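Quick note on numbering: the sequence shown equals residues 2 to 93 in our numbering. Every residue gets a Cβ at the ideal spot worked out from N, C-alpha and C, and that includes glycine. All of these numbers come straight from a predicted model, not from anything done at the bench. What follows is a single structure, written as structure tokens, with notes after it.
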Amino acid sequence: MEEKKETQQLENQVEEELDISFLHDINLKITGEVGRTKRNFIDILRMKEGDIIRLDKHIEDYIEIYLRGQLFAIGELVVVNEKYAIRVVDLA
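See below:
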């Protein structure tokens, strides 16, 4: 609850300093990259439900956050209300 209040205060402060109200309804694609791997095409064709894809990162590693394909921030994987989420740690 306190975090929402702080976020709202920050948004209000930014809006007071800059008139960016016209940007509120713009949608942008944000991607959180948990990890990568390379597979041969034949291996992908052989995949079935329940198979595990090993990634190049550990669960504790930071996650890259991309905004429209460009690195925007670094985050960490967290669980919120029994769902996965990314907490922003640093802006790129």
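Query: Starting from L78, trace the beta strand (DSSP E) both ways and give me its first and last residue.; Result: Q71 to V81
Query: Taking only three categories from DSSP, how would you classify E50?; Result: coil
Query: Report, in whole angstroms, the separation of the C-beta atoms of T32 and I54, which I expect to be a contact under 8 Å.; Result: Actually they are not in contact, since the Cβ atoms of T32 and I54 sit about 17 Å apart, beyond 8 Å.
Query: Look up I104 in the DSSP assignment and say whether it is helix, strand or coil.; Result: Past the boundaries of the shown model lies residue 104; the chain is included only from 2 to 93, so the question cannot be answered.
Query: Compute the beta-carbon to beta-carbon distance between I60 and L78, rounded to the nearest angstrom, for a pair I have assumed lies under 8 Å.; Result: 7 Å
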